[in-house]
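Visitor: Take this structure, written in structure tokens, and hold onto it; I'll ask about it next.
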Ligand code: CMX
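Numbering (the numbering used here), first residue to last: -17 to 116.
Encoded structure:
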């Protein structure tokens, strides 16, 4: 497995409506999509920056991963997502190398991508995601 690029950086925010203003009005980026991912209990907003996207994450449920993250650590960088050829295979490869995986195989995430996570305790404190197109 060799990631081709950073697909996106996930940033946990309390309010997409509020945070969006900074990305649009200060950085001059354009929000091209707002999407709710029910499975992950989040609302997402995307901005393209070169090959990489910024994904704002707002919790839609108080028991969600993003709500817990903000409660414990405040708003900020939540995860880094690498583009790989096949997310399920990448998860399996990482597991074979002793990394703790949150997902055993990929599931559907925002923008219809196949996604899966590695546990931050196993990756030097960075929640890591693999993404692939099917
Ligand atoms: N980055 C780094 N460390 C994190 C973290 C993050 N995003 N989220 C939690 N942690 C740390 C916590 O600070 C905690 O550390 P300490 O033990 O030192 O206090 C530890 O991991 C355990 O955290 P926790 O609060 O007990 O939270 P949980 O174990 O319930 O869940 C995690 C943590 C990563 C397993 C969970 O958030 C998860 O499964 N994440 C993957 C799914 C996800 O994040 N979905 C939202 C984004 C979806 C999308 O992009 O579409």
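We put the beta carbon where it would ideally sit given N, CA and C, even for glycine. All of these numbers come straight from a predicted model, not from anything done at the bench.
(1) Using only CA atoms, which one of 84, 17, 43, 116 lies nearest to residue 102?
(2) Should residue 92 be listed as close to ligand 1, given that the test is whether its C-beta is under 7 Å from any heavy atom?
(3) So if DSSP puts residue 83 in a beta bridge, which residue, or which two residues, is it bridged to?
(4) Assuming residue 33 is part of the beta strand (DSSP E), what are its boundary residues?
(5) Can the beta-carbon of residue 38 be found closer than 8 Å to that of residue -2?
(6) For residue 37, verify whether its CB is less than 7 Å away from any heavy atom of ligand 1.
(7) By a C-beta neighbour count over all protein chains shown, 10 Å radius and 16 as the cutoff for buried, is residue 40 buried or exposed?
(8) Would a C-beta distance cut-off of 8 Å place residue 100 and residue 113 closer than the cut-off?
Guide: On the basis of the supplied data:
(1) With respect to the C-alpha of residue 102, the residue from 84, 17, 43, 116 having the closest C-alpha is 84.
(2) Because some heavy atom of ligand 1 lies under 7 Å away, the Cβ of residue 92 counts as near it: yes.
(3) Looking at the DSSP assignment, residue 83 forms a beta bridge with 100.
(4) Looking at the DSSP string, residue 33 is not in any beta strand (DSSP E), and its letter there is neither H nor E.
(5) It is a contact, given that the beta carbons lie within the stated cut-off.
(6) Under cutoff, so the answer is yes.
(7) Classified as buried, residue 40 has 16 or more neighbouring CB atoms from the shown chains inside 10 Å of its CB.
(8) Result no, Cβ atoms of residue 100 and residue 113 do not sit closer than 8 Å.
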